[in-house]
Structures are given as structure tokens and as C-alpha cells.
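Numbering (UniProt numbering), first residue to last: 1 to 455.
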């Protein structure tokens, strides 16, 4: 009897050893340049195709195009002009901004003729070396009322559209950039905060399912966790001395004398976008003498995407491609699993703990609630079990992150050796959608971590 008890104890100890013995898997880094959703270059949506990889496109919607007749919103024309079907087919997402005044040819305007007449031509015609046009009086009550209706119609159309990634708050100022000319003999008024916030609330109240971005910090932006766009990226004076200083320290707006708060942590919860400052030579930003300054600006301002002005059509065989690759490999988020630890064997119907170390080597987090998936694949590569983890990848700021997931093994899973895989899913498609910078990539965008023996 005693002999049998000893044998049973030995067997129990051996089984416990088998099922509790954990193994650590080190995952090799993959240095290939990857372009993932919601990051990288965002070239003009009306152009393309582009030779550089990208996941985003950008469009300025003029009010004149959107509502050519009072109450008639010509979405079909807009979507044709900016090639919605083409970009959706190619899995590109759109960023847009509403523009009421885009400097261009003398005598043109960007609000519809009917609105121009409704507001009794209230505004300022201007001619300047930057361009010419008509700046409406943003204080005009009729303009404000019709703007509200415009944003309501836009949100009804696009608020739930997964292919619309971000909405920039334009509407005010030249190019929708929240400033008006008050120089060179031209004095165009800019609205004070009470009016500005009315325009902002039109967006907040209607685009409830979109991340909103503003040109500069405002209290209302802080209260609603908005991001920013910097339309002069690459220029040290504009990006560091102005934009970064506004965000870090707050500022007094030079057109109205109003004070605005700092928002140094805004990038943690909403993206920083924008575009490169105008240039005719991408060597201005990507030459051997310029790239260090551009990389410093990238890290300092935590940029996720840039466009429409970007080198999206720069020849991949050009002399600056290596610098562009270096830039793309840092912009936005860049995830990889560096280490995984779990028991080498487990019983069907049991659970096993998967301890992981992840790294984000980019300059920004991922801003959407996309789930981490853990899956098991048989020796033929077929996924036989998958489940979503508890990790919130929005919390993966630049740096290292340790997480633990507990995985349930189905009771009916056959004995054998299975691959353990990880992936990040697009919740709209329930499919893996993010390239990880690690070896082990499968054709379905899942990544092999190691193996487990199911007993």
C-alpha cells in the first residue's frame, strides 16, 4: 500500500513538473519598413497611386463643393473627386478638413454663391503673395447657423464610416488653419473665443465617433481630448519654436490677444498630424545634413501622420530613400513582441498563462480600441482556437510593456503540438490588420510566438 502511494506521489510530481515548467521564447526583430493603419504619409486623395507605401489619404472639402445649392449636399461629387471607392478598395483611410477660404486665384471664393448672398457678402476680399480669395465674417449669425447644418449633414454621412480616420477642425481662417491675414496692409478679423467655440461644438456634438484635431491648443480641445495638426512640420522655427512651444507652454494668440492653455500630454490620447512645410526639394528634410533635425522634431512632437504635403511620390531609388525609411520606421506606433513566457505543456480544457513583453519603438501610441488576439494553430497551420486578450493596446506608449493573458484551451482539442500566435485585430473586420516588427509572420498577419504541447 505504501509502495503504491509513493508511486502515485512520484507520478503527480512528474505531471506537475510537465505542466508547470515554463519556457521563455525570445522573438527576433524584423527591420523591414512597415506601414500600418492610421500612421505614415497621407497624400492627396484626388491623386495617386503613389510610389511610397501609405495607409492614409487626405482631402480638403470646400463648402462650395459640399453644398452647391442650399440644403443639397453633393456627397456623390465629393466622393468621386476624392476617389472614395478606389481608396476603400485599396484599404486606405481618409482624413478630411472643411475649408471656407483656400487662398488661390484672384476673385475666387470657397463658400457657395447662395451662401455668399445669404450673408450679404459679409467678409473680406483679399489679394496677397500667399494667394487671394474671400474670407467670410465668421461672426455672421447666418454663417454660423448654416455651418451647423453642414457639419450635421457631414456627420450623418461619415460619423460611422470606418474609412474616415480623423477629422481636422478647419472651417476658420485661410486653409482652415485658424488664422487670418493681419499684415502687409491687410486686416482680416479673426473671431474671439465665444464664437470660435460655437464652431468647435458643431464638430463635437456631431462627430461623436471620430477623433478630432485642432491646429493649436484651446481649453475646449483639452476638455474634449483632441489632437493637433502641424502644417509646417520640418521647419525648425515653426515646429519647435512655435507649435511645440504652444503645446508645451501655452500661448497668447497673436490675432486676438487671448490666452490658451498648454496641452503637453495631448499626444497620449489623440494623434498629432499635419503636413510638411512647402518645399520643392525633399532634400530639405531628408538630406544627410537635414535628417537629424527632422527626426528630432518627430520625437519632440510625437507625430503619427503627415499629409497632404509629403514625399509619397518620391522615387524609391532616390538618394534620400534610406532617410525616408528611417523616418517612417519611427513615425507613429511600431509594435513588436520581444519575449513570451508560458508552460510548455497543458491539458485540453485547462488554461495557460502567457506572459509577454511588448515594445513600441515609435513616437506615439495607437489610438483605437483594437483587440490583441491569441490563437492556436495545428501542424497544418489551420487556426483551431482564438480568443481576444484583455490588454488595451492604446496604453502602449513608446517603450516596453509587460502584460499577461490567460488562454483557455478547448476541451475537445486533440492532443498534439500547436503553434501559439499573436495578432492585433481590426474590430470592423475581425481580422488581423497590424504588421508587427518581428519574425514569424504568417500569411494571415498572425505571428508565431512558439509551440505548446496539448496533452
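Beta carbons: idealized from backbone N, C-alpha and C, even for Gly.
ask   = Between 379, 399 and 312, which lies nearest to residue 338 when the distance is taken from Cα to Cα?
value = The shortest Cα separation from residue 338 among 379, 399 and 312 belongs to 399.
request  = Take residue 263 as the anchor and find which of 207, 361 and 225 has the nearest alpha-carbon.
outcome  = The option with the nearest alpha carbon to residue 263 is 225.
key: Buried or exposed (CB count within 10 angstroms, at least 16 for buried), residue 101   = Flag for residue 101 reads buried.
ask   = Under the three-state reduction of DSSP, which class applies to residue 437: helix, strand or coil?
value = Shown here, residue 437 sits in coil according to DSSP, grouped into three states, outside any helix or strand.
ask   = By the 10 Å Cβ neighbour count, where 16 or more other Cβ atoms means buried, how is residue 107 classified, buried or exposed?
value = With fewer than 16 other Cβ atoms within 10 Å, it is exposed.
task = State yes or no: is the beta carbon of residue 325 nearer than 8 Å to at least one beta carbon in chain D?
result = Protein chains in the displayed structure number just one, and chain D is not present.
query = Can you tell which of 235, 175 and 281 has the C-alpha that lies nearest to the C-alpha of residue 296?
reply = Taking residue 296 as reference, the option from 235, 175 and 281 with the minimal CA-CA separation is 235.
Per DSSP, the bridge partner or partners of residue 426 = The secondary-structure analysis by DSSP pairs residue 426 across a beta bridge with 431.
request  = Mind checking who residue 296 pairs with in its DSSP beta bridge?
outcome  = Paired residue(s): none; residue 296 is not in a bridge.
message = Once DSSP output is grouped into helix, strand and coil, what is the label at residue 27?
response = Coil at residue 27, not helix or strand.
ask   = What are the residues that DSSP puts in a beta bridge with residue 128?
value = The bridge partners DSSP lists for residue 128 are 131.
task = Could you name the residues that DSSP lists as bridge partners for residue 342?
result = Secondary-structure assignment with DSSP links residue 342 through a beta bridge to 23.
inquiry  = Can you tell me whether residue 301 is buried or exposed? The criterion is at least 16 other CB atoms within 10 Å of its CB, across all chains shown.
reply    = With 16 or more Cβ atoms within 10 Å of its Cβ, residue 301 is classed as buried.
DSSP three-state assignment for residue 246, whether helix, strand or coil = Look at residue 246 here: in three-state DSSP terms it is helix.
inquiry  = For the structure I just gave you, are there three or more beta carbon pairs, one from the stretch 108-119 and one from the stretch 78-91, closer than 8 Å?
reply    = Not touching, per the Cβ criterion.
ask   = Three or more C-beta pairs closer than 8 Å, one from the stretch 353-372 and one from the stretch 405-413: is that the case here?
value = Flag = yes, the stretch 353-372 and the stretch 405-413 touch.
query = DSSP on residue 200, reduced to helix/strand/coil?
reply = Here residue 200 carries a helix assignment [DSSP, helix/strand/coil].
message = If you reduce the DSSP assignment to three classes, tell me which class residue 321 lands in.
response = Looking at residue 321 - three-state DSSP - the assignment turns out to be helix.
task = List the endpoints of the continuous beta strand (DSSP E) containing residue 233.
result = Taken as a continuous stretch (DSSP letters only), the beta strand (DSSP E) holding residue 233 covers 227-233.
key: Closest residue to residue 340 among 313, 309 and 438 (Cα-Cα distance)   = Out of 313, 309 and 438, 438 has the C-alpha closest to the C-alpha of residue 340.
task = Indicate whether residue 103 and residue 131 have their beta-carbon atoms separated by less than 8 Å.
result = The answer is yes: Cβ separation under 8 Å.
Reduced DSSP category for residue 418 - H, G, I as helix; E, B as strand; rest coil = DSSP, read as helix, strand or coil, puts residue 418 in strand.
ask   = Three or more C-beta pairs closer than 8 Å, one from the stretch 264-274 and one from the stretch 179-198: is that the case here?
value = With the cut-off at 8 Å, the stretch 264-274 and the stretch 179-198 do not touch.
inquiry  = So, with DSSP's three-state summary, where would you put residue 409?
reply    = Coil.
Sequence-distant residues of the same chain with beta carbon closer than 6 Å to residue 383, five excluded per side = Around residue 383, the same chain offers 375 and 377 as residues with beta carbons nearer than 6 Å, after the five sequence neighbours per side are excluded.
query = Can at least three beta-carbon pairs, one atom from the stretch 443-450 and one from the stretch 34-49, be found at a separation below 8 Å?
reply = Not touching, per the Cβ criterion.
task = Can you tell me which of the three DSSP states residue 266 falls into?
result = Residue 266 sits in a helix when the DSSP states are folded into three classes.
request  = Evaluate contact between the stretch 310-325 and the stretch 419-431, counting only Cβ atoms and requiring at least three cross-stretch pairs below 8 Å.
outcome  = Short answer: they don't touch.
request  = Can you tell me the Cβ-Cβ gap for residue 227 and residue 204, rounded? I've got them flagged as a contact below 8 Å.
outcome  = 13 Å between Cβ atoms; not a contact.
inquiry  = Among 216, 317, 397 and 172, whose alpha-carbon lies nearest the alpha-carbon of residue 332?
reply    = When C-alpha distances from residue 332 are compared across 216, 317, 397 and 172, the shortest belongs to 397.
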